[in-house]
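K.L.:
Residue 365 in full-length UniProt numbering sits at position 365 of the sequence shown, with consecutive numbering throughout.
Every residue gets a Cβ at the ideal spot worked out from N, C-alpha and C, and that includes glycine.
In this text, all values refer to a predicted model and were calculated from it rather than measured experimentally.
Have a look at this one.
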Amino acid sequence: TKTISKCCVQVTGMTCASCVANIERNLRREDGIHSILVALMAGKAEVRYNPAVIHPSAIAELIRELGFGATVMENCGEGDGVLELVVRGMTCASCVHKIESTLMKTNGVLYCSVALATNKAHVKYDPEIIGPRDVIQVIKDLGFTTSLVKKDRSASHLDHKQEIRQWKRSFVVSLVFCIPVMGLMIYMMVMDSQLSDAHAHHNMSNEEMEALHSSMVLEHQLLPGLSVMNFVSFLLCVPVQIFGGWHFYIQAYRALKHKTANMDVLIVLATSIAFVYSFVILLVAMAEKAKVNPVTFFDTPPMLFVFISLGRWLEHVAKGKTSEALARLISLQATEATIVTLGPDNVLLSEEQVDVELVQRGDIVKVIPGGKFPVDGRVIEGHSMVDESLITGEAMPVTKKTGNTVIAGSINQNGSLLISATHVGADTTLSQIVKLVEEAQTSKAPIQQFADKLSGCFVPFIVAVSVATLFVWIVIGFVNFEIVEKYFLGYNKSISAAEVVIRFAFQASITVLCIACPCSLGLA
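See below:
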């Protein structure tokens, strides 16, 4: 029979549903991978795989190749019975053998492996028989110092701060350069309409003459074929294309490398084509020493980047809010516990501070006033009021006396309590809630799976449509020029009909690309 193992991979850099679909689709193709479930919010992928064929590190590498950040998470749902320890003081292979053989003889230890190079011990045990402290004690008795591998309690992987910063920066850069471009555009449009009015009436007032003059300044040619307006637009467009767009370019390149097309590919296509087309047309005009300034699309990339980086920024802020709630839940867990040893008649013999992970079932834990309950348990001595609002939402403190159950994460108020641990580690109510919230973010609604499927076909479809638009308009233009003439605004009699048709066709196809750009499907 095939053995199926499960691992969790921390995934960063996912922006919308099509990223999720992309990862799932590509990983399902790989040998040895049984199933994969990706949570966009929790930034987590659960993979069931055949360890004989593939390793978790290889799975993370596959995700990395798709252009996302990926790290294998150490602790994944198997909180009970697995122990990672750092062992100091080992000098040679015989030390390793000594530790392994002693542990394997210990009742309740199912599996144990010690690595000399990394000073790590990996122990699987039956929590019903033995606990982490017993294991640590066995190793200490052999004369080695040992401690738990620290788990990352801060839930830093749920933090979207870096992405928020990055998109905010991208948005601000694009906006700074976009405003002047838009200003110039609007100004030119107003001037053009005034000019046409003036031509129509043939009698100009002084203001109109001045207006005409100032628009002439923008249309004035620095070099033959290069107007001030186009030159300024070009200068403003370059930084946006580079600084506002470099992130999109990286993502798009990675997607194309894997023969998938995501939204970044569309954005890059639209902006690059608009930019390159405008640039080439300028060069052509300069080469021809054209009297009439060509129509450029330098206004498209900055405006597109502004809207999209704003969208991404808001999206990450929203995601950050959801994840923040999860991070807050996680942060409610206590980090340390005071374990006490009781003599006859519940007399305190000794107490020690230990990590929460080291608390075992059946331990007696002392909770002082103002302290948090580290684990779920039953009160065996003491009387107090407890604030359980984090679980129940009940603002009034609840009375606890001998025999009552207490919940991990709730706050002890006025009396000191001794409790017997019933649920520890991943089994506490709080851990389960955190797990449920994470799982709720992992599981997908059927409609969402449908949307993911669609967004996979969306990009190639749009590209195809825009290419079709290009050809159809070229055909229409050469067959019946009047139609193009009617719709092509700013058409100038001095350029040849063929060029007008081709320019108009380009404009139409680029417009199709640009409009279909924002990931409305994914955002929705």
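May I ask which residues mark the beginning and end of the alpha helix (DSSP H) holding Ile130?
P.N.:
As a first step, residue 130 is located in the sequence shown; it is residue number 130 there, counting from the start. Premise fails: Ile130 is in no alpha helix (DSSP H) and is neither H nor E.
K.L.:
With a cut-off of 8 angstroms on the beta carbons, I'd call Gln360 and Thr338 a contact; round off their distance for me.
P.N.:
What you label residue 360 is simply residue 360 of the sequence shown in a count that begins at 1. What you label residue 338 is simply residue 338 of the sequence shown in a count that begins at 1. Their Cβ separation, rounded to whole angstroms, is 14 angstroms, which puts Gln360 and Thr338 out of contact at 8 angstroms.
K.L.:
At the level of alpha carbons, what is the spacing between Tyr277 and Arg64?
P.N.:
Taking the sequence shown and counting its residues from 1, one reaches residue 277 at position 277. Taking the sequence shown and counting its residues from 1, one reaches residue 64 at position 64. Cα-Cα distance, rounded: 33 angstroms.
K.L.:
Here's the rule I'm using: 16 or more other beta-carbon atoms within 10 Å means buried, otherwise exposed. How should Gly143 be labelled?
P.N.:
Residue mapping note: residue 143 aligns to position 143 of the sequence shown, counting from 1. Gly143 should be labelled exposed.
K.L.:
Beta-carbon within less than 8 angstroms of Trp473's beta-carbon, same chain only, minus the 5 sequence neighbours each way: which residues are those?
P.N.:
Indexing the sequence shown from 1 puts residue 473 at position 473. Here the set comprises Val484, Val501, Phe504, Ala505, Ala508 and Ser509.
K.L.:
State the CB to CB distance for the pair Leu236 and Pro302, rounded to an integer number of angstroms; the pair is presumed to be in contact (CB under 8 angstroms).
P.N.:
Position 236 of the sequence shown, counted from the start, is the residue given in the question as residue 236. Position 302 of the sequence shown, counted from the start, is the residue given in the question as residue 302. So it is a contact: roughly 7 angstroms between Cβ atoms.
K.L.:
Consider the Cβ of Phe243: report whether some Cβ of chain B lies at a distance smaller than 8 angstroms.
P.N.:
In the displayed structure, chain B is absent; only one protein chain is listed.
K.L.:
Asn412 and Gly377: beta carbons closer than 8 angstroms?
P.N.:
In the sequence shown, the residue the question calls residue 412 occupies position 412. In the sequence shown, the residue the question calls residue 377 occupies position 377. The answer is no: Cβ separation not under 8 angstroms.
K.L.:
Below 8 angstroms on the Cβ atoms is my guess for Gly108 versus Ile130; work out the distance and round it to an integer in Å.
P.N.:
Here residue 108 corresponds to residue number 108 of the sequence shown, with the count starting at 1. Here residue 130 corresponds to residue number 130 of the sequence shown, with the count starting at 1. Confirmed, about 3 angstroms.
K.L.:
Just to confirm my understanding: we take Ile136, look at its own chain, exclude 5 residues before and 5 after, and list those with CB closer than 6 angstroms. What are they?
P.N.:
As a working note, residue 136 is residue 136 in the sequence shown. For Ile136, where only same-chain residues beyond five positions count, the Cβ hits under 6 angstroms are Thr146.
K.L.:
So is Gly183 buried or exposed if we call it buried at 16+ other beta carbons inside 10 Å?
P.N.:
Locating residue 183 in the sequence shown gives position 183, where the first residue counts as 1. Under this definition Gly183 is an exposed residue.
K.L.:
Here's a check: name, in chain order, each residue in its chain whose Cβ is nearer than 7 angstroms to the Cβ of Val72, leaving out the five neighbours to either side.
P.N.:
As a working note, residue 72 is residue 72 in the sequence shown. Cys7, Val9, Pro56, Ser57 and Ala60, listed in sequence order.
K.L.:
With the cut-off set at 8 angstroms, would you say Leu349 and Ile433 are in Cβ contact?
P.N.:
The residue given as residue 349 occupies position 349 in the sequence shown. The residue given as residue 433 occupies position 433 in the sequence shown. No, these two residues do not count as a Cβ contact at 8 angstroms.
K.L.:
Using only the alpha-carbon positions, how far apart do Asn230 and Asp192 sit?
P.N.:
Counted from its first residue, the sequence shown places residue 230 at position 230. Counted from its first residue, the sequence shown places residue 192 at position 192. Taking the straight line joining both Cα atoms gives about 15 angstroms.
K.L.:
Can you tell me whether Val114 is buried or exposed? The criterion is at least 16 other CB atoms within 10 Å of its CB, across all chains shown.
P.N.:
Taking the first residue of the sequence shown as position 1, residue 114 is located at position 114. Looking at its Cβ environment, which holds 16 or more other Cβ atoms inside 10 Å, Val114 is buried.
K.L.:
Between which two residues does the beta strand (DSSP E) containing Val424 stretch?
P.N.:
In the sequence shown, the residue the question calls residue 424 occupies position 424. Where Val424 is concerned, there is no enclosing beta strand (DSSP E), given that its DSSP letter is neither H nor E.
K.L.:
Just to confirm my understanding: we take Gly244, look at its own chain, exclude 5 residues before and 5 after, and list those with CB closer than 6 angstroms. What are they?
P.N.:
The residue given as residue 244 occupies position 244 in the sequence shown. So the list reads Ser170, Val173, Ser174 and Phe305, once near-sequence residues are dropped.
K.L.:
So for Arg29, helix, strand or coil by DSSP?
P.N.:
As a position in the sequence shown, residue 29 is number 29, starting the count at 1. Three-state DSSP puts Arg29 in coil, outside helix and strand.
K.L.:
On the DSSP bridge list, what partners appear for Gln10?
P.N.:
The sequence position of residue 10 within the sequence shown is 10, counting from 1. DSSP lists Lys44 and Thr71 as partners of Gln10.
K.L.:
Near Phe297, which residues of its chain fall below 6 angstroms by C-beta distance, leaving aside the five closest residues on each side in sequence?
P.N.:
On the sequence shown, position 297 is the one that residue 297 refers to. Result list for Phe297: Ala274 and Ser278, in chain order.
K.L.:
Assuming Ser113 is part of the beta strand (DSSP E), what are its boundary residues?
P.N.:
As a working mapping, residue 113 is identified with position 113 in the sequence shown. Taken as a continuous stretch (DSSP letters only), the beta strand (DSSP E) holding Ser113 covers Val109 to Ala115.
K.L.:
Measuring straight from C-alpha to C-alpha, what distance separates Ser94 and Lys168?
P.N.:
Start at 1 with the first residue of the sequence shown, and residue 94 comes out as number 94. Start at 1 with the first residue of the sequence shown, and residue 168 comes out as number 168. Distance between the alpha carbons of Ser94 and Lys168 is about 56 angstroms.
K.L.:
Looking at the unbroken beta strand (DSSP E) that takes in Leu85, where does it start and where does it end?
P.N.:
Indexing the sequence shown from 1 puts residue 85 at position 85. Where Leu85 is concerned, the enclosing beta strand (DSSP E) stretches over Val82 to Arg88.
K.L.:
Using the rule of at least 16 other Cβ atoms within 10 Å of the residue's Cβ for burial, across every protein chain shown, is Gly477 buried or exposed?
P.N.:
Position 477 of the sequence shown, counting from 1, holds the residue named residue 477. Buried is the call here.
K.L.:
According to DSSP, is Gln162 part of a helix, a strand, or is it coil?
P.N.:
By 1-based counting over the sequence shown, the position of residue 162 is 162. Three-state result, Gln162: helix.
K.L.:
Runs of 3 residues minimum, wholly inside the segment 246-287: which ones carry the beta strand (DSSP E) assignment?
P.N.:
Listed in chain order, nothing qualifies, since the segment 246-287 has no complete beta strand (DSSP E) run of 3 or more residues.
K.L.:
Assuming Met385 and Thr399 make a contact with CB atoms under 8 angstroms, what is their CB distance in whole Å?
P.N.:
Here residue 385 is taken as the residue at index 385 of the sequence shown, counted from 1. Here residue 399 is taken as the residue at index 399 of the sequence shown, counted from 1. That belief holds up - the Cβ atoms of Met385 and Thr399 are roughly 6 angstroms apart, short of 8 angstroms.
K.L.:
Output the boundary residues of the alpha helix (DSSP H) element that contains Ser410.
P.N.:
Looking up residue 410 in the sequence shown gives position 410. Element bounds for Ser410: n/a, residue is neither H nor E.
K.L.:
What is the DSSP secondary structure of Val375, reduced to helix, strand or coil?
P.N.:
In the sequence shown, the residue the question calls residue 375 occupies position 375. Three-state DSSP puts Val375 in coil, outside helix and strand.
K.L.:
Can you tell me whether DSSP reads Val96 as helix, strand or coil?
P.N.:
Taking the sequence shown and counting its residues from 1, the one referred to as residue 96 is at position 96. Of the three classes helix, strand and coil, the one that applies to Val96 here is helix, per DSSP.
K.L.:
Kindly indicate which three-state DSSP category Ile4 falls into: helix, strand or coil?
P.N.:
By one-based count along the sequence shown, residue 4 stands at place 4. Three-state result, Ile4: coil.
K.L.:
Given a threshold of 16 other Cβ atoms within 10 Å of its Cβ, counted over all protein chains shown, does Trp246 qualify as buried or as exposed?
P.N.:
Start at 1 with the first residue of the sequence shown, and residue 246 comes out as number 246. With fewer than 16 Cβ atoms within 10 Å of its Cβ, Trp246 is classed as exposed.
K.L.:
Which of the three DSSP states is assigned to Lys168 in this structure?
P.N.:
Numbered from its first residue, the sequence shown carries residue 168 at position 168. Note: Lys168 maps to helix in three-state DSSP.
K.L.:
Report yes or no: do three or more beta-carbon pairs, one from the segment 87-106 and one from the segment 44-53, lie closer than 8 angstroms?
P.N.:
Touching, no, given that fewer than three Cβ pairs across the two stretches are closer than 8 angstroms.
K.L.:
Taking 8 angstroms as the cut-off, decide whether the C-beta atoms of Leu85 and Lys120 are in contact.
P.N.:
Here the question's residue 85 lines up with position 85 in the sequence shown. Here the question's residue 120 lines up with position 120 in the sequence shown. Yes, the pair counts as a contact, with Cβ atoms nearer than the cut-off.
K.L.:
I need the straight-line Cα distance from Val38 to Ile179, nearest angstrom please.
P.N.:
On the sequence shown, position 38 is the one that residue 38 refers to. On the sequence shown, position 179 is the one that residue 179 refers to. So the two alpha carbons sit approximately 39 angstroms from each other.
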